[in-house]
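Residue numbers (this note's numbering): 1 to 162.
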C-alpha cells in the first residue's frame, strides 16, 4: 500500500527520478506503531490508508531513513509530529487522510500538545492546507540521490476552549 501511494500519488508532482528518490526518505516508522500512535483505516476489508503522530523529535522518514531522533518532545513548547501518512490510490478523495489527521490531532491534544507539524510532499500539500496546516519552510531532501521538494507545515491544535 505504501509503495503504491508513493509511486502513484506523486505522479504529476514529481518526475520519475524524484519519485524513486522519495522511496529513500519515506516509509513507515515502526516507532509510531510501538508508541501506539499509528492508525490504519480499512474500507471493505482493505487497507485504505495509514498515518500517525509522534511525541518524538523525528519529523519524517521511515525505519530505513538516516537522521532519526527518538528524543521525546515537550508538549509545552514543541509541536507534535504527524508522520507516515499514506492513502492507497484506490481510496483517494474519500476522507481517509482527513480522518487520520483528525485522530492525530485529538490524540496529540489529549497529551497536551498545542500544535502539529509535518513534512509534506507536494502531492500531500493540498490535503494538509485544507486541514489548516500552513507552509513554514520549503526544503529539498537528496538522500535518495535526486533532490525531492518537501514542505514543512504547521497548525495550531483546536481544542474545545479555543
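Glycine included, each C-beta is placed from N, C-alpha and C at the ideal position.
All values reported here derive from a predicted model rather than from experimental measurement.
>> To test your reading of the DSSP string, which unbroken beta strand (DSSP E) runs of 3 or more residues are found completely within the region 17–89?
In response: 38–43, 46–54, 80–87
> Are the Cβ atoms of residue 62 and residue 28 separated by less than 7 Å?
Replying inline: As a working note, residue 62 is residue 62 in the chain shown. As a working note, residue 28 is residue 28 in the chain shown. Closer than 7 Å, so yes.
> Under the three-state reduction of DSSP, which class applies to residue 152: helix, strand or coil?
Replying inline: Reading the chain shown from its first residue, position 152 is the one you call residue 152. Residue 152: strand per DSSP, three-state reduction.
> When you compare only the Cα positions, how much space is there between residue 112 and residue 145?
Replying inline: Within the chain shown, residue 112 is the residue found at index 112, counting from 1. Within the chain shown, residue 145 is the residue found at index 145, counting from 1. Going by the C-alpha atoms only, they are around 38 Å apart.
> Can you list, in chain order, the residues of its chain whose CB lies under 7 Å from that of residue 115, leaving out five sequence neighbours each side?
Replying inline: Locating residue 115 in the chain shown gives position 115, where the first residue counts as 1. Contacts found: 79, 154, 155, 156, 157.
> Using the C-alpha atoms, what's the distance from residue 85 back to residue 71?
Replying inline: Taking the first residue of the chain shown as 1, we reach residue 71 at position 71. Taking the first residue of the chain shown as 1, we reach residue 85 at position 85. Looking at the two C-alpha atoms, the distance is approximately 21 Å.
>> For the beta strand (DSSP E) containing residue 118, name the first residue and the last one.
In response: Position 118 of the chain shown, counted from the start, is the residue given in the question as residue 118. 115–120 is the span of the beta strand (DSSP E), which, as asked, contains residue 118.
> What is the residue span of the beta strand (DSSP E) that residue 157 lies within?
Replying inline: Locating residue 157 in the chain shown gives position 157, counting from the first residue. Run containing residue 157: none; DSSP gives neither H nor E here.
> DSSP state of residue 8, grouped into three classes?
Replying inline: For the purposes of this step, residue 8 is identified with residue 8 of the chain shown, where counting begins at 1. DSSP places residue 8 in helix when its eight states are reduced to three.
> What's the gap between the Cα of residue 44 and the Cα of residue 91?
Replying inline: Position 44 of the chain shown, counting from 1, holds the residue named residue 44. Position 91 of the chain shown, counting from 1, holds the residue named residue 91. Approximately 11 Å between the Cα atoms of the pair.
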